[in-house]
Amino acid sequence: DQQVKQNSPSLSVQEGRISILNCDYTNSMFDYFLWYKKYPAEGPTFLISISSIKDKNEDGRFTVFLNKSAKHLSLHIVPSQPGDSAVYFCAASANRGSSNTGKLIFGQGTTLQVKP
Amino acid sequence: NAGVTQTPKFRILKIGQSMTLQCTQDMNHNYMYWYRQDPGMGLKLIYYSVGAGITDKGEVPNGYNVSRSTTEDFPLRLELAAPSQTSVYFCASSYSIGRTEAFFGQGTRLTVV
């Protein structure tokens, strides 16, 4: 049962254009969402997060949008740069209620290639 | 500040052998995690710990054991290695659990033949 899904295994964009990475989730108890970036032979590094009380969070070139009714979030990178080429994972956690421990559940990842 | 350090970086095991993947963090984080990453499958939580002496199972705990005797260290033990345990293993830590980011080590690539 894949609670967090990234249905696009890969994405290729031109330098300077917008990159949009998508993520869907099924568990309505998820209330905190994160995006991680991973380069080859390195561990994932935190990029940006959003709480379920918001629908948008921005940090420089990176913006995360959350649509709770659709159980969908997306990461926008504008403008895209060659150094952004990496695998991007979305993750979610459920933090309300005694049965929810806040553990991070990850999607499968999307490989982004930004062409010069 | 080293962050999260994992050793070894690479290892080849024969079926039935055992080994311990080491993980240590110097950020004084109470929460620590072990994940495995299989191709196209994202990261799956194996075990986690909310503090010294306390551990709990994640999504895929079978075939693994953990211990947490100190805040800094969270070793992962494979007792009888199987080909299905061929994967990249990541250790992570966080200041709290939920609503916060976790910091990851560089990973251990394990091959069981």
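Line by line, the protein sequences are chains A and B. With the working numbering applied, the first sequence covers 43 to 158. With the working numbering applied, the second sequence covers 50 to 162. Glycine included, each C-beta is placed from N, C-alpha and C at the ideal position.
Just to check my reading of the structure: residue i and residue j have Cβ atoms closer than 8 Å, yes? What is that Cβ distance to the nearest angstrom?
i	j	result
A:D73	A:N137	6 Å
B:V137	B:Q86	5 Å
Residue i: buried (16+ other C-beta within 10 angstroms of its C-beta) or exposed?
i	result
A:E84	exposed
A:L63	buried
A:K145	buried
A:E184	Chain A is shown from 43 up to 158; residue 184 of chain A falls before or after that span and cannot be answered.
B:S142	buried
A:T68	exposed
B:S145	exposed
B:L129	exposed
A:Y81	exposed
Please compile the residues from chain B whose C-beta is within a distance smaller than 9 Å of the C-beta of residue i.
i	result
A:F107	Per Cβ cutoff of 9 Å: no residues; A:F107 is ~19 Å from chain B at best.
Secondary structure at residue i, three-state DSSP: helix, strand or coil?
i	result
A:Q44	coil
B:S116	coil
B:G100	strand
B:Q155	coil
B:Q134	helix
Residues of chain B with CB under 7 Å from residue i, in chain order?
i	result
A:F148	G91, L92
A:Y74	G147, R148
Check the Cβ of residue i against every Cβ in chain A and list those closer than 9 Å, keeping chain order.
i	result
B:Q155	A83, E84, G85
B:F139	G85, P86
Using only the heavy atoms of the ligand GDP, determine whether one of them is closer than 7 Å to the beta carbon of residue i.
i	result
A:G58	By its list of ligands, the structure shown contains no ligand whatsoever, and the ligand GDP lies outside what it can speak to.
Would you mind telling me which residues of chain A sit closer than 8 Å to residue i, beta carbon to beta carbon, in chain order?
i	result
B:G107	K145
Name the chain B residues whose beta carbon is nearer than 8 Å to that of residue i?
i	result
A:F104	By Cβ distance, chain B contributes nothing, its closest Cβ being about 14 Å from A:F104, past 8 Å.
Residues of chain A with CB closer than 7 Å to the CB of residue i, please, in chain order.
i	result
B:A151	L146
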